[in-house]
Each structure stands twice: as structure tokens, then as C-alpha cells.
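Residue numbers (UniProt numbering): 1 to 258. Just so you know, even glycine gets a beta-carbon here, dropped at the ideal spot from N, CA and C.
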């Protein structure tokens with residue numbers, strides 16, 4: 001059986017599973033781990049095929065969710081960033097009894113723009129897939145640069161993301177293509193409207209990959225969920241505004257206990 005890299009740390013009484021985004025690994029959470037570990041028992045995961053979880057090929061969203069769930073504690077809060085948000089959402093949909101609360105950061109139930117729905121143009125994602133086979137590292141770097149565009153600390157944040165990628169084993173082109181395929185095709189808008197779990201969505205106002213309009217549209221579609229938009233953040237608010245994100249997560253934890 002392929003081995004998933006999983007690390008547990010922290011003294012808090014609530015389990016919080018952190019699921020990273022496309023092309024990255026669990027080291028991306030470094031800037032919020034210290035603060036959160038006094039409130040939660042953190043579970044840091046390299047998604048299948050990413051970072052130190054190397055023995056996997058490309059998986060579907062459903063397969064990725066099942067692989068993560070097999071290692072997860074019984075009643076965890078799931079936090080997913082970007083692609084990780086889709087994985088966390090899929091687990092919450094298929095195994096709600098295993099999830100105490102769901103948090104997504106800079107994630108969309110449907111990343112691809114279609115009709116009136118804002119998102120990434122399908123041809124851009126297709127272009128990334130094409131470029132991956134031509135110049136693997138440069139394509140990943142371009143995608144990372146897009147994630148921090150517009151913030152006051154954009155250059156520094158992009159460097160931090162790049163360092164996270166380079167210090168661990170790189171995913172294969174097959175795995176990266178599989179991740180882009182999930183971003184291109186997944187659409188959980190309707191299924192998640194039925195979700196009754198506590199559900200918190202965090203966004204960056206300057207995000208170029210998940211446009212801020214998505215937050216308002218989902219407020220209408222999912223009135224049972226709650227959204228917070230960080231005004232000066234882009235696609236990685238926990239890197240550009242770590243204290244603000246930690247505060248919102250700690251407030252969410254208190255509400256779960258009430």
C-alpha cells in the first residue's frame with residue numbers, strides 16, 4: 001500500500017487536518033503552525049503524490065479524499081486550501097459523520113469559469129497542462145507567482161511558496177496534471193448546498209484564481225455557511241496575513257464548542 005506522509009503536533013483538544021494546494025506540500029503551513037498548535041492537535045499531510053507522499057500516481061478527487069480519510073482522526077475539523085479545499089469538501093460530503101467542521105481557504109467548488117460563474121478560464125488551465133510537459137519547473141513557478149499577485153508582500157510570499165516546493169521532492173508531471181484535471185472538472189456547488197456541518201470559507205479580496213465574486217455567490221447558494229474576505233490578501237492569506245487567519249480559525253473553534 002502506498003504511504004501517505006502524515007505528521008501530528010500540538011496540544012489542543014480539537015483535531016485540525018491541514019490540506020495544502022496544487023504543486024505544494026505540508027511545509028506551506030509553517031507560518032501558522034506555531035500559533036495554531038497551542039489551540040489544536042494539528043495533522044499535517046502531504047497529499048497523495050505531493051512532497052513526501054511520493055508513491056502515488058494521479059488520483060481522482062474521490063480517490064484523494066478516500067486516501068486522506070483513511071488516515072484522519074475520527075471527528076476532525078478539516079481545513080483545505082485551494083485544491084485541498086476540494087479534497088476536504090469531498091470528504092465532508094461523503095463522510096459527514098467523520099467531520100466536526102469544514103474550513104476552506106481560497107478555494108472554489110468550481111474553479112473553472114463557466115457561463116456567469118467566475119473562475120479560471122479553461123484555456124488557462126489547459127495551457128498549464130500543456131506547458132507542464134515542456135518546462136515543468138517554470139510552469140509550477142508561474143502558477144505560484146499567480147497566487148500572491150497584488151499583495152503588499154507578493155514577492156516575499158512567492159519566494160516562500162517556491163522554497164516550500166523546492167525543499168521537498170517534486171510531484172511528477174502525471175500527478176500535477178491530475179491535480180489540474182481536478183481543478184478543471186470538479187463542480188461541488190450543488191452537492192455542498194445540502195451540507196449541514198459548520199462550514200467556514202476564507203477568501204483573499206485580491207485573489208486572481210478564486211475571484212472575490214465567488215464569496216458573494218456562495219453566500220446565496222450556501223446560506224448555512226459563513227464567509228470571511230481578507231481585504232489585502234490574495235490566494236494565500238495564511239502566508240500574507242497569518243495572524244488574521246489564525247484569529248478567525250480560533251474564533252471558529254470557540255463557536256464549535258458553544
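Strictly by DSSP, which residues pair up with residue i?
i           : result
residue 226 : 200
residue 40  : 14
residue 79  : 18, 103
residue 8   : 43
residue 112 : 120
Rounded to whole angstroms, what is the Cα-Cα separation between residue i and residue j?
i           : j           : result
residue 163 : residue 69  : 28 Å
residue 53  : residue 217 : 35 Å
residue 230 : residue 97  : 30 Å
residue 5   : residue 140 : 21 Å
residue 224 : residue 35  : 28 Å
residue 250 : residue 134 : 43 Å
residue 13  : residue 127 : 44 Å
residue 173 : residue 196 : 37 Å
residue 27  : residue 193 : 32 Å
residue 130 : residue 254 : 45 Å
residue 125 : residue 167 : 25 Å
residue 344 : residue 137 : In this structure the chain extends from 1 to 258, so residue 344 is not present and cannot be described.
residue 238 : residue 203 : 10 Å
residue 247 : residue 87  : 24 Å
residue 71  : residue 258 : 28 Å
residue 142 : residue 240 : 18 Å
residue 43  : residue 99  : 14 Å
residue 116 : residue 146 : 23 Å
residue 169 : residue 19  : 17 Å
residue 222 : residue 191 : 10 Å
residue 156 : residue 212 : 23 Å
residue 220 : residue 95  : 24 Å
When the Cα of residue i is compared with those of the options, which residue comes out closest?
i           : options            : result
residue 109 : 127, 80, 175       : 80
residue 93  : 122, 113, 120, 61  : 61
residue 214 : 43, 57, 114        : 114
residue 235 : 247, 258, 210      : 210
residue 132 : 175, 67, 91, 160   : 175
residue 233 : 206, 26, 78        : 206
residue 77  : 10, 155, 199, 119  : 199
residue 66  : 240, 51, 90, 153   : 90
residue 17  : 3, 24, 2, 33       : 33
residue 187 : 51, 47, 11, 107    : 107
residue 242 : 220, 30, 55, 88    : 30
residue 24  : 161, 64, 10, 95    : 161
residue 39  : 15, 57, 55, 56     : 15
residue 46  : 8, 37, 222, 75     : 8
residue 228 : 239, 75, 244       : 244
residue 63  : 165, 117, 147, 182 : 182
residue 112 : 222, 75, 185, 59   : 185
residue 83  : 240, 256, 177, 212 : 177
Anyone know if the C-beta pair for residue i and residue j falls short of 8 Å?
i           : j           : result
residue 252 : residue 101 : yes
residue 85  : residue 149 : no
residue 158 : residue 144 : yes
residue 55  : residue 3   : yes
residue 51  : residue 59  : no
residue 74  : residue 37  : no
residue 201 : residue 104 : yes
At what residues does the alpha helix (DSSP H) containing residue i begin and finish?
i           : result
residue 30  : 30-36
residue 137 : 136-148
residue 251 : 242-257
residue 219 : 213-221
residue 64  : 61-69
residue 190 : 189-193
residue 154 : 154-166
From which residue to which residue does the beta strand (DSSP E) around residue i run?
i           : result
residue 182 : Not the beta strand (DSSP E): residue 182 falls in the alpha helix (DSSP H), residues 173-185.
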